[in-house]
Amino acid sequence: MKTFKHDLVEVDQLVQINEAGKRHYETPNGNKYPSVTTVLNVLSKAAIQEWRNHIGEEKANKIMRSSSNRGTNAHKVIEKYIWNQKNYLNGSMPDAIELFKEIQPILDEKVDNVRMIEGRLWSDEFKVAGTVDLIAEWDGVLSSIDWKTSLKHVDEDHPKLLKYKLQGTAYAKLFEERTGINVPQVVIAIMVSGMNSMPS
């Protein structure tokens, strides 16, 4: 197991609020901002509805629940691992362990000098907030790193990947506004069930 170096940046805490299926955050000065994900979901709403219509609501709901659970479970394992917890696999679901084992060699090789793990950030300039998965060096370059899961390979030109890159860029800007530290790189690490993970 690798031991990650931590040089964590502290920021004021946000309160997360979920209203009508949308996530918002309340800043220390009382402003309420929508999450980056909520804002970006507006961009892809038509495509998601078309997909739901195509496969049917029941099947779509089942896929969405399964995907959300798989992603949450994999995130938890990665988070524990990067926190250097010895028992990072304890209590994890088999699918999360499988996904983690695919990305672990990449984490060990590429990630270090951790600045923030699952950190809540906001921007008074852009009036959005969100929780970044990781701010750390990736191949020696400070990066906004986001973990994603997928059942199949995601091509470079897939619209979903553009949304992910916009999300990562937003987190980089939120981090810079809160800390004054520039984050020049965005990394989207997609864990594909049964395949090697693919950073983008």
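Number 133 in full-length UniProt numbering belongs to position 133 of the sequence shown; there are no gaps in the numbering.
In this text, a Cβ means the ideal position worked out from N, Cα and C, and glycines have one as well.
Coarse secondary structure for residue i, derived from DSSP in three states
{"i": "P94", "result": "helix"}
{"i": "N18", "result": "strand"}
{"i": "V9", "result": "coil"}
{"i": "V183", "result": "coil"}
{"i": "M1", "result": "coil"}
Within 9 Å, strictly: CB atoms of residue i and residue j
{"i": "D124", "j": "V186", "result": "no"}
{"i": "L40", "j": "L121", "result": "no"}
{"i": "V192", "j": "S150", "result": "yes"}
{"i": "W83", "j": "I117", "result": "yes"}
{"i": "A172", "j": "F126", "result": "no"}
{"i": "T3", "j": "R23", "result": "no"}
{"i": "V77", "j": "H6", "result": "no"}
Candidates the options: closest to residue i by CA position
{"i": "G119", "options": "M1, E10, H6", "result": "E10"}
{"i": "D183", "options": "G168, V15, I190, P34", "result": "The identity of residue 183 in the sequence shown is Val, whereas the question assumes Asp. The shortest C-alpha separation from V183 is found at G168."}
{"i": "A189", "options": "L14, D95, V111, L89", "result": "V111"}
{"i": "F175", "options": "M191, A136, E156, Y164", "result": "A136"}
{"i": "V15", "options": "F4, H6, T27", "result": "T27"}
{"i": "M93", "options": "L161, M191, Y81, T72", "result": "T72"}
{"i": "K148", "options": "V114, A172, A74", "result": "A74"}
In chain order, each beta strand (DSSP E) run of at least 3 residues that lies wholly inside the UniProt domain "PD-(D/E)XK endonuclease-like" (71-178): Listed in chain order, the complete beta strand (DSSP E) runs (minimum 3 residues) inside the UniProt domain "PD-(D/E)XK endonuclease-like" (71-178) are 111-123, 128-138, 141-150.
At least three beta-carbon pairs within less than 8 Å, the segment 122-138 to the segment 93-105: no
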